[in-house]
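Chemist: Dropping the structure in here first, questions after.
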Amino acid sequence: MRAVAFVVGSWLIGAAIYAASWWDMARAVDASHFLYFIPLVFAVATSGNVHQPSEIGFVAGMIVQWTVVGFVGLAIYHGVRRTRSSVER
């Protein structure tokens, strides 16, 4: 589990460093599209129009996305903490 967290963390940090060092910031645009894909799907689903997504749907999608990310992060944290506490005893 720690290996997965390490790989994901390394990938995120590497992507941020690479995007910041790129002279035209082309990679930063790709990262923002990736971060807003799930909220955009929610927005389009609530409005029914691809060309004019709903703002309320976008906010709802952001809430759902970051709640899931938070719960996954919390599960990883508790898994690592429980493993370390059982080893120390």
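Under the working numbering, the first residue of the sequence shown carries the number 3, and numbering increases by one thereafter. Beta carbons are placed, not taken as given, at the ideal position from N, Cα and C, and that holds for glycine.
Kindly confirm or deny that the stretch 48-56 and the stretch 69-76 touch, where touching means at least three C-beta pairs closer than 8 Å.
Modeler: Short answer: they don't touch.
Chemist: Between PHE60 and LEU42, how many whole angstroms is the CB-CB distance? I'm expecting something under 8 Å.
Modeler: Within the sequence shown, the letter at position 58 stands for residue 60. Within the sequence shown, the letter at position 40 stands for residue 42. Yes, they are in contact, since the Cβ atoms of PHE60 and LEU42 sit about 7 Å apart, within 8 Å.
Chemist: Apply the 10 Å Cβ neighbour rule to ALA45 and answer buried if 16 or more other Cβ atoms are within range, or exposed otherwise.
Modeler: For the purposes of this step, residue 45 is taken as the residue at position 43 of the sequence shown. Buried is the call here.
Chemist: Check whether the Cβ atoms of GLY63 and ILE40 lie closer than 8 Å to each other.
Modeler: Residue mapping note: residue 63 aligns to position 61 of the sequence shown, counting from 1. Residue mapping note: residue 40 aligns to position 38 of the sequence shown, counting from 1. Taking 8 Å as the Cβ cut-off, GLY63 and ILE40 qualify as a contacting pair.
Chemist: Would you tell me roughly how many angstroms separate the C-alpha atoms of THR69 and HIS53, rounded to the nearest one?
Modeler: Working through the sequence shown from its first residue, we reach residue 69 at position 67. Working through the sequence shown from its first residue, we reach residue 53 at position 51. Those two C-alpha atoms are separated by around 27 Å.
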